[in-house]
Structures are given as C-alpha cells and as structure tokens.
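Contents: one structure, followed by commentary.
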Amino acid sequence: MHLPLLSTLLFVPLAGFIVMMMMPRAAVRVHQAFSLAITLVVFAVSLILLRRFIPTADCQFVENIPLVTTWGISYFVGIDGISIFLVMLVTLLTPIVVLCSYKSITHTTREYFALILLLETGMIGALVALDTIVFYVFWELMLIPMFFIIGIWGGPRRIYATVKFVIFTLSGSLLMLVALIYLAVHAAAGGALSFSLTDLMAVKLSVTEQCWLFGAFALAFAIKVPMFPLHTWLPDAHVEAPTGGSVILAAVLLKMGVYGFLRFAFPLFPDAAHICAPLMIALSVVAIIYGALVAFAQDDAKKLVAYSSVSHMGFVMIGLFVFSVEGVQGSMYQMLNHGLSTGALFLIIGMLYERRHTRLFSDYGGLAKTVPLLAVVLLVAVLSSAGLPGLNGFVGEFLILLAAFQASPLIGALAATGVVLGAVYLLYMYQRVMFGPVTKQENKGLKDLSMREAIILAPLIILFVLMGFFPGPILRRTEPSVQKLILQVNGSNPHDVTLNGAHDAR
Amino acid sequence: MMLDNLQSMIPIIVLSFGVVVVLVVSAFRSSSLLNSTLAVGALGCAAVFICGWDQPVLLFSNTLKLDAFARIGALACVCAGIIACLPAASYLKRTRIALHDEYFALVLASVTGMVVMMAANDLMVMFVNLEIMSIAMYILCGINRFSTKSTESALKYFINGAVSSAILLFGIAMLYGVFGTTNLDAIASQASSAHGSLLALFGAACLLVGFLFKLGVFPFHMWVPDVYQGAPTLVTGLMAAGIRIAAGVVLIRLFADVFAPLAPGWDRMLWWIAAITMTIGNFSALVQNNVKRMLGYSSIAHAGYLMVAFVGLTSANFSGAEAAVYYLIAYSVASLGMLVVVGQIEGERETFLEYDDYKGLGLRHPWAGVALSIFLLSLTGIPPLAGFFGKLSLFSTAIKNGYTGLAVIGVLNSLVSAYFYFRLMVNMYMHKSAEVKPAAFIRTPMAFVTILTCCFLTLWFGFGPFQIFGAIPSVDTLVNEIASAIGAVQSRL
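These protein sequence lines are chains Z and H, in that order.
Note that my numbering has the first sequence beginning at 1, numbered continuously upward.
Note that my numbering has the second sequence beginning at 1001, numbered continuously upward.
See below:
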C-alpha cells in the first residue's frame, strides 16, 4: 500500500502545529528550525506528488473515506491538473515565508510559526478537497490563522484591517454555505444527503436556481479574488500584515477565489456562468484599469503591490470568463506567475522595510548604488510582474490576451492597456526607489542581501526565468483537466454562444 | 412492576435524594468541598444510570416516560450540572458568595427538575418540575446576596418567570377543559379530533408562550440580558445550557408529538419569531461591553437559531428534532465552557467582566486564550467545531422544509455575530502590552478539568470520528454502548 500522499501533505503541517503549540515559549530558534523543517518535508512530499502525477484529466491520488454518513460528508480528496501546481505553489512558498519571518517576527514566535503551519494545512486542504463540506472547512481554516497573523503581528492599523478581512471573507463564504446546503438538499431529492462534488454535479437545476446559487458562490470567490467593487479589504490587509502574511495572502489566498470558480462555480453552474460572463468580464476590465491607475498614485510600496494585484487578478478573471482552453490555461499560468512575482515583490519590500522601517517611496531613492544585488533582484521581480518576454509573466498574459482577442477585440484591447499601465507603475516605482541620487542620509549605509535573503529569493528568480522560457512542462500537465472543464462548461452551449456572450459585454 | 422499573428510576431517586442529603449535611458541616463532592457524585451517578434509558418505560400510571429522547436531554442537563458544580467551590470562595453550601443543593434541585420535566408524560408533572427547576434557579440567581445586580437578576427572573408559569398553567387548564385529561398520550390520541377547537388552540398557544419564555425567545426575551449579567457566572452557565436544553426538548416533545394537529399554520409565526429573535439578539450584542451581558444577548440570538429548527415543527414530517437537540448540545458545551473561563477570570465583586479587561489576556494566559477562542469560534459557527455542524444541521433542516430565506437570514446573523465574538479575541490577542489590564486567569484543577472537557467536546463534536458523535442517532449508539457496558458490569455484580 502506498503512502496516502495527500493526507501526508495535509496532516504533517497540522501535526506540526500541534507539536509547536506544546513547545516552550522562549525557544525561538527551535520554533524557527522546526517550522522550516516541517514545511520543507511538506515541499519534498509535494515534489514526489508532482513526479507521480500523470497528465490526464482525472483526479488522482484520490482518498474517499466516509465521515458523517447521516449527512453524506466524506473525507474525499484528490488532485488534478487544475490544483496540482497551486499545491506546489503553497508548498514552495510556505518554507520561504517561514524563512523570511526569522528576523521580522520577534515576539510570540511560537504562535506565529504554528499558525503558518495551520494555514498551510488549510490552503492545501482547500485545494485538494472534493467534498464540498470538507472544502468549506478548509476554506474557513485559511481565514482564522490569517485573522491572527494580521491582527497580532501586523502594523499600527492591524485590528481594523484584520476585522475587515474577516467580515468581508465570512460574508461571502456564509452565503456560499447556504447555496451549498441548498444544492445538497436538491441533489438528495428526499433521499440520502451527499456533499461530494461528483454527486452535486449531477443535479439538474433550472436556470434561475443556477443563477442564484452561482451568485452566492461567485460572491464568496469574488471577494477572495478580489474582483473590482469587493477589493477594498485587500489594500488594508496587505499594508497591515507582516511580510509573511502579505506573501501568503497575495500569492495563495487570492488564488483560492479563482480556484473556487474553476473547481466549483463553473462545473456546477455552467449556464449561470455563461449568463454572468459579460458582467464578470466588465468588472474585470474595470479592475485591470482601475487597479493600475490607483497603483500608480501610491506612495506606499505595499499598497502599490496590493493594487497591482487587483489589476493582475482582473487579467486572470478575464481568462476564465472567455471559456476557452487558451484563456483558462493562461489564467492558470498567470495565477502561478502572480503568486511568485507578487510574493517576491512583498519579500523584497519586507527586506527593505527591515532595513529602513519605512515603505514610502519618498524615503528611498538611489538604492541601486548602495544595494546593487537587491536592486537586480527587484528589477527581475518587477519585470516579471510587468510581463517582460523571457520571464514568466509574459506567457500568462499572452495566452489571456490571445483568448480575449479571440472572444472580442474590444475586451482584448482594453485588457492590453493594463499591460502598458502595469509597466508604467512598476517601472515608475523602480525608478523612485533605485535610481537617482541618494538623497537620504540613512540610505547610504544600507546592507546588501544577506545569505538568508539570497536563499529566500533565489528559487523565485530561477523559476521566473525557467517558467518564462519553458512553459511547456506546466501547461502540458494542466491541459487535459482544463479541456475537460471547458467541455463541461460549454457542454450545453456550443462555442459560439460564448462568443455571443462575450460580445454582449460591449 | 415497580421492581423491574426501579433501575430506570434510579437517576431521579439519586438526584432528589441528593438534594436532601446535601441540605442536611450542610446544616451540620459547612464545607463546600464536601458538598460539591456529594453533588457531583449524585450527578455522576445519575448520569451513569440515565444511559440505561432506552426503550420507553412508562411509570406511575403513565405520568413519566423514560425514553431515548429524554435520555439525551437528561444526560446533557446532568453534565451541565456537573460542570456548574466542579469549579464552584473555588469560584464561590473567590467571589465571596456566602451561601456556598446551598449552591450545590440548589443546582441539584434545578437539575432534578430539568430531568423529570423532560421525562414527563403528563402536563401536571411537567409543570411541577418546571417549577422545581425554576424556583431553584431564581434563588441561584440571587445567591450573591451582597450584590445589587444579583438581587436584581433574581427578582427580575422571578417576577417574569412567575407570570410565564401562570400563563403556562392557564394553558394546561384550558387543555384539561378540552380533553378531560392532562396525560400527553391521551391528548395526542384525541388531538386530531379537537382540530379547530379554539379553546385547545388557545391552550396550546399558552404552553408555547411558557416555554418560549424559558428559552428567551422574542417577544419574551427582555429578562435575559439582565438576568444573565447579574447571576453568578456559573449559574449563568447552568441557565444557558441546562434550562435551554430542558425547555427545548420539552417544546419538541409537546409540539412535534402532541399538538401538531392543533396548530397548523404556525410555521409562518415561528418563521417570524426565529428571524426577529436572532436579529434582535445579535444586533444588541454588537454594542455590549460586558462579556456576560454580551453572552446574554448572544444567547437570545442562539435561541433564534434554535427556532429555525422549529419552523415546520407542526408539519407532518418534522425533521428538525435532531437538528435542534444537536444544536442545543453544541451551543451548551461552548457557552458553558466559555462561562467557566469567564468565571475564572472574574474578580471579586463582579469585576473583570468588561471587554477591556480581556486586553492582552490571550498572550499572558495562552491556554485560557486558546480555550476561549475555541468556544468563541464554535459559537460563531466556524468549522470544524461543534457550533458549525450545529448550524449546518439547522440550516439544512430549514432548506429541506423550503425555508431558504430563513437560512439566509440565519447566516447573515452569523456574520453579525462574528463581529462581537471576534472582538473579544481581538482584545485578548491584538492589543499591545501597554494597554494591558491586570485581569488574570485563575487556574484551579477543577476549572482546568471542566474547561478541558468542554474544549474537547467542542472539537470532538466537530472533528474526527463523526460516526460516533456526529448526529443524534449516532450519539444514541455511543450511549447504548456505554449503557450495555454498565449493564454488563451490573450483571456481574
């Protein structure tokens, strides 16, 4: 019998969390080393998972154990092309987050690292769950550690930010819960309840019902993404969160919204997804342009990256709602890109903050002379985020724009302005931080990258280049699942309906 | 007949005998340790034998019906009594409540009332035991004689409770007038023939009012915040858990089994009652600064959630009973645990009960903080804790019965409640040490055990081996196993 890989991934961090909470409070070094070891073990397991992964459309490594038979809840987990790389993103970034918090988290380290481990379980669990209640459990499990991470180790306005984060996220997910129960009750039709995704997909719903339920799911996911009018929690949470929290928030938690659309909202409610597509695309276009413009006006580095996330996630959402293989593939790829490059940006901002205790651009300037290595790394991260050909960001943006133009030239053209604007605000930021004369006395004696910081950033930089030149290995593995999804979503509608739907957006 | 059924009677005998023993012993020897041991012993002994209630046993010319449904409620109430007694000795001493011997006798009396009331198969037996339960509780509320708040609480509870008892009794009289009997089985068999009888409907409505009052449901909720705040904290816990469970179980018994044919079309009214109760409770709790008062309002809100299960109560295929009982137990565990923690933090003369007093507490007393967070998260309904599965079962029932709108109102209320529950966690963890106040969590072994048990149950109801504990039929299987194990031991003896 093989080791159940997914359960290992899930329960190793959870066990780590419990052990960590038992540790004495003062043993800071032990907390750091232990959490790093656990997260590295999880990463190693996920590498085995990747090696054994077969690029087909079906879910693999499936485990299905009934939990509550009377309510039809089962521990049903599995992984396919849509989730595998997001799981890899989680397992890769968590050790990096642990490592980057060595210096910045000075008090109550035990609780901090324990919560990071708990968060990892939540994130992996949400990605591998195929039972909707299990998914919901892990979905909320991501919320609680983040609530504490922002609230305890955050900046001066941390309480406002964290409460806002919780209220926003909960308001979506609670309505999703009602929709979920409604779905399960209908699926049961008086018989035994089941919350398994495969059973729920078999339900036949009227279009009106689909629209309501899709609305409830979409609200939960759109808040997480975040889509345009629901994004206001993001800048607050990002600015106040500690570096590690920002990285996880931007790199992984935002992806959970998109993942929710792909895994649940689309296959469960294909007709409603088509009906709502024009609205979603319109909101995404607004998000792209609005996010970019607001980012341009920021003086706080974290706020800039937060708004750039709004803009970039707009791209991802457009790729989703054109319902074509290229679009969804591009979105998948862009999610990984955004996770890595935004993660890197937050890490670098955190490093600068540790040196200067400010994030305002006006306090910097001319750093390229004093910290050349850091400047190079930031340049690569900025260019990756801006979508320079040769780095990873280009591949995803290209695929999404291709799909958008196929759907409608107008959407494509509007989305493309986002690329230009992205380059503008990112390079403007780079110019203000790194170029020009050194105006501030404090900036003169700054230290360049330490060994620890270099180790943190190196894997990300390597991935930027690798994923920029060789997108094949990733796209090949995701493609069968994406094709299956597109078939499910477009099953009832021929492809041209999609185009009509998209045309309506004008 | 009597000898065969004696075993079923043992819990009731032990409990009522326990009241007398504790009272007599305390007259000669004032020792809260001795009395708490006696009380906990009686309750524990009763709990063991309650597990044996399985097949319905009818006693005393059908006035008592000891069955599996009564068993769950009785077990929960007895456990609530144990939890209210275990940490009490040190709590009463610390808060300088003089009547520390009577406390245990009164808790026993109140629990006896609850247990018999849930087993009653006759309206008069039910009423008498309701009074036993309530009168003991009135005194318990006022047991802190030197506190004006406690006295106010007792008086308020007493006056309001007396009015509701009178209404209840009035209703029983009406029903007697219609059916010529107070036996529930007899009424049930005639109920459908009395359909349309205004007098019967009025009697049933009076009964409903009486129990809604005990549950603290709108529009009979006014007394709750003051009484919860003023009563000694452990008494508040017993009130939140025990009385709720007892009243809820009896309500299910009365209306699902007996009065269903009398009261068609009550669903619409219960729908509004549920919606308004939870909304009032949650929005009032938002602005509270006293933790116990907040819990009072939040208990109104939880009564409102409970009413969600009762909508559809009178329909032919009522499925809310399991959901209601599961939710009651989940809520009771969390709120009892929470109140025990609050009691351990409370200082002399009702100090350290404000939100501000909890600042920094989670970091100074990490385990108390973790326990309190677990209870708060369970009350909010965050998975995978007991409260979540409670709400899941309630809202599934509502949606199954076609009340999706009520489920939406319910979850939006949970959202509101998240704010004040999370605010306490914010205070515990997220304020810097400069703002810290000197409230401390007092560790006593008994409090530690009770809090740990409540934490464990809150996690256990949610996590892990769901088949054992997940839903009411499965709780039954567990209890059956315990019961058969006890039976095996007894036969060997």
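A virtual CB, placed ideally from N, CA and C, is assigned to each residue, including glycine.
Kindly give me the distance between the Cβ atoms of H:Gln-1344 and H:Ala-1447, rounded to whole angstroms, as I take these residues to be in contact under 8 angstroms.
5 angstroms
C-beta neighbour in chain Z for H:Phe-1017, strict 8 angstroms
no
Do H:Ala-1204 and H:Met-1118 have their C-beta atoms closer together than 8 angstroms?
no
H:Ser-1008 burial status per 10 Å Cβ neighbour count (16 or more: buried):
buried
I want to verify the contact list: residues of chain H whose CB lies under 9 angstroms from the CB of Z:Arg-158, in sequence order.
Met-1430
Strand pairing of Z:Tyr-75, partner residues [DSSP]
Z:Ile-65
Thinking H:Tyr-1355 and H:Asn-1282 are a contact (beta carbons under 8 angstroms), I'd like their distance in whole angstroms, please.
Rounded, the Cβ-Cβ distance is 16 angstroms, inconsistent with contact.
Where DSSP assigns a beta bridge to Z:Ser-196, which residues make up the other side?
Z:Asp-131
Determine the closest residue to Z:Phe-61 out of Z:Asn-443, Z:Leu-130 and Z:Tyr-290, with distance taken between C-alpha atoms.
Z:Leu-130
What are the residues in the stretch 1375 to 1396 of chain H lying within 9 angstroms of chain Z by C-beta distance?
Leu-1377, Thr-1380, Gly-1381, Ile-1382, Pro-1383, Pro-1384, Phe-1388, Phe-1389, Lys-1391, Leu-1392, Ser-1393, Phe-1395 and Ser-1396
Using DSSP with H/G/I as helix, E/B as strand and the rest coil, what is H:Ala-1260?
coil
Candidates Z:Gln-406, Z:Thr-108 and Z:Lys-103: which alpha carbon is nearest Z:Met-23's?
Z:Thr-108
Does chain H have any CB closer than 8 angstroms to the CB of Z:Gly-72?
no
Kindly say whether Z:Leu-378, judged by its beta-carbon, lies nearer than 8 angstroms to any beta-carbon of chain H.
no
Please classify Z:Asn-64: is it buried, with 16 or more other beta-carbons within 10 angstroms of its beta-carbon, or exposed?
exposed
Applying a beta-carbon distance threshold of less than 9 angstroms, which residues of chain Z neighbour H:Lys-1156?
Per Cβ cutoff of 9 angstroms: no residues; H:Lys-1156 is ~34 angstroms from chain Z at best.
Residues in the stretch 162 to 178 of chain Z with C-beta within 8 angstroms of chain H's C-beta atoms, listed in sequence order?
Thr-162, Val-163, Val-166, Ile-167, Leu-170, Ser-171, Leu-174, Leu-175, Leu-177 and Val-178
Taking only the alpha-carbon atoms, compute the straight-line gap between H:Pro-1465 and Z:Leu-67 and give it to the nearest angstrom.
Below a pLDDT of 50, predicted positions are generally treated as unreliable, and H:Pro-1465, at 38, falls in that range; no measurement from the model is reported.
Integer Cβ distance of Z:Val-433 from Z:Gly-343, believed to fall under 8 angstroms:
Going by Cβ atoms, the distance from Z:Val-433 to Z:Gly-343 rounds to 18 angstroms, so no, they are not a contact pair.
So with CB distances below 7 angstroms, who are the chain Z contacts of H:Ser-1414?
Leu-174
Using a beta-carbon distance cut-off of less than 7 angstroms, what residues from the stretch 119 to 144 of chain Z approach chain H?
Tyr-136, Val-137, Glu-140 and Ile-144
Among H:Arg-1094, H:Tyr-1327, H:Val-1235 and H:Ile-1399, whose alpha-carbon lies nearest the alpha-carbon of H:Ala-1084?
H:Val-1235
Are Z:Ile-116 and Z:Ser-35 close, meaning C-beta to C-beta below 8 angstroms?
yes
Give me the residue from H:Ser-1164, H:Tyr-1305, H:Ala-1162 and H:Tyr-1138 with the minimum Cα distance to H:Glu-963.
Not covered by the structure: residue 963 of chain H. The range shown for chain H is 1001 to 1493.
For H:Ala-1418, return the contacting residues in chain Z, with the cut-off set at a CB-CB distance below 8 angstroms.
Val-166, Ile-167 and Leu-170
Under the rule that 16 or more other beta-carbon atoms within 10 Å means buried, what is H:Lys-1391, buried or exposed?
buried
Hey, out of Z:Ala-187, Z:Ala-265 and Z:Met-317, whose CA is closest to Z:Ala-533's CA?
Only positions 1 to 506 of chain Z appear in this structure, which leaves residue 533 of chain Z out of reach.
Going along the chain, which residues of its own chain have a beta-carbon closer than 6 angstroms to the beta-carbon of Z:Leu-340, five neighbours each way excluded?
Leu-460 and Leu-463
Name the chain Z residues whose beta carbon is nearer than 8 angstroms to that of H:Val-1408?
Leu-175 and Val-178
Proximal chain H residues relative to Z:Val-185, where beta-carbon distance stays under 8 angstroms:
Ser-1396, Ile-1399 and Lys-1400
From what residue to what residue does the alpha helix (DSSP H) around H:Val-1057 run?
Here H:Val-1057 belongs to no alpha helix (DSSP H); instead the beta strand (DSSP E) covers 1057 to 1059.
Using only CA atoms, which one of H:Ala-1039, H:Val-1308, H:Ser-1016 and H:Met-1114 lies nearest to H:Ser-1026?
H:Ala-1039
Spatial neighbours of H:Leu-1372 within its chain, please: C-beta separation below 6 angstroms, excluding the five flanking residues on both sides.
Val-1341
Does any residue of chain Z have a CB that is nearer than 8 angstroms to the CB of H:Phe-973?
This structure does not reach residue 973 of chain H, given that chain H is present from 1001 up to 1493, and the question cannot be answered.
Under 9 angstroms, CB to CB, which of the residues in the stretch 91 to 109 of chain Z have a partner in chain H?
His-107 and Thr-108
Taking just the CA atoms, how far does Z:Phe-266 sit from Z:Ile-348?
36 angstroms
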